[in-house]
Amino acid sequence: MDTDVTTTHIVVMGVAGSGKTTIATMLAERLGVEYAEADRFHSEANIAKMSAGIPLTDADRAPWLEAIRDWLSAESDAGRPGVVTCSALKRAYRDVLCDARGRVWFVHLTGSPEVLAERMGYRTGHFMPTSLLPSQLATLEPLADDEDGMTLDVSAKPEEIVDDVLGRLAAS
Ligand SMILES: Nc1ncnc2c1ncn2[C@@H]1O[C@H](COP(=O)(O)OP(=O)(O)OP(=O)(O)O)[C@@H](O)[C@H]1O
Ligand SMILES: [Mg+2]
218 MDTDVTTTHI VVMGVAGSGK TTIATMLAER LGVEYAEADR FHSEANIAKM
268 SAGIPLTDAD RAPWLEAIRD WLSAESDAGR PGVVTCSALK RAYRDVLCDA
318 RGRVWFVHLT GSPEVLAERM GYRTGHFMPT SLLPSQLATL EPLADDEDGM
368 TLDVSAKPEE IVDDVLGRLA AS
């Protein structure tokens, strides 16, 4: 079944340092659509907690996920798909996003803890400390077979990853 890629929302998901911002920015550019960074939907309190190295609770995440869902619905109402980064570590979180109007398709970026920690280590000016990576990996629930999306390893170059994603989406 060929998909009209101009109507499907893309949620680029995965733990900290997996490349969500890098890949989502490039995807949105290629598709010529709006891109949103999940962090902008976080409350000040959530950002302060993560900056202090304290993992968020489900209660902290609930209004954040709803805000992202509503942004996707608004993009749909405007007749265009949205591309958004969101760690979306648990199935329950993804189910909230799937309540958005329009089709929601997940791109799960995975990598070894060593590669992810190394990439986070190189990064400058980001509030997320590498010390939070283990708790993110412990929380992570990979995409289940009945979830709409794809999983890919981030050891490839960003351009190759973007080509792969667009090819798989078009064929989905
Ligand atoms: N495919 C790749 N190959 C090599 N380096 C990459 C790749 N993707 C991302 N990076 C680099 O890895 C680091 C982490 O990427 P990025 O900031 O996009 O991750 P993120 O998932 O958005 O992290 P966070 O959840 O903390 O915001 C960045 O320095 C980025 O330049
Ligand atoms: Mg990011």
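Each residue of the sequence shown is one higher than the last, beginning at 218 in our numbering. Even glycine gets a Cβ: it sits at the ideal position worked out from N, Cα and C.
Q | Nearest-angstrom beta carbon gap, lysine 237 and threonine 302 [assumed within contact, 8 Å] | A | Confirmed, Cβ separation roughly 4 Å.
Q. Where do the N-terminal and C-terminal ends of the alpha helix (DSSP H) with arginine 278 fall, by residue?
A. 275–294 is the span of the alpha helix (DSSP H), which, as asked, contains arginine 278.
Q. Is the beta carbon of lysine 237 within less than 7 Å of some heavy atom of ligand 2?
A. Because some heavy atom of ligand 2 lies under 7 Å away, the Cβ of lysine 237 counts as near it: yes.
**Q.** C-beta atoms of leucine 289 and valine 250 nearer than 8 Å
**A.** Contact: no.
Q) Helix, strand or coil: how does DSSP classify aspartate 316 here? A) Here DSSP, grouped into helix, strand and coil, assigns aspartate 316 to coil.
Q. Buried or exposed: where does glycine 366 fall if 16 or more other Cβ atoms within 10 Å of its Cβ makes it buried?
A. Buried, since its Cβ has 16 or more Cβ neighbours within 10 Å.
Q: Measure how close the beta-carbons of valine 232 and leucine 333 come, nearest whole angstrom, since I'm counting them as under 8 Å.
A: 6 Å between Cβ atoms; contact.
Q: Just the C-alpha distance for serine 260 and arginine 340, rounded to the nearest angstrom, thanks.
A: If you draw a straight line from the Cα of serine 260 to the Cα of arginine 340, it comes to about 23 Å.
**Q.** Neighbourhood of alanine 284 by C-beta distance below 7 Å, restricted to the same chain and skipping five residues each side
**A.** The answer, listed in chain order, is Phe258.
Q: Using three-state DSSP, classify methionine 218 as helix, strand or coil.
A: Residue placement at methionine 218 is poorly supported in this model, since its pLDDT is 48, which falls under 50; the coordinates are not used for a value here.
Q) Got a sec: does ligand 1 put a non-hydrogen atom nearer than 7 Å to the Cβ of methionine 243? A) Methionine 243 Cβ: outside cutoff for every heavy atom of ligand 1.
Q) Taking the alpha helix (DSSP H) that aspartate 380 falls in, what are its first and last residues? A) In the DSSP assignment, aspartate 380 falls within the alpha helix (DSSP H) that extends over 375–387.
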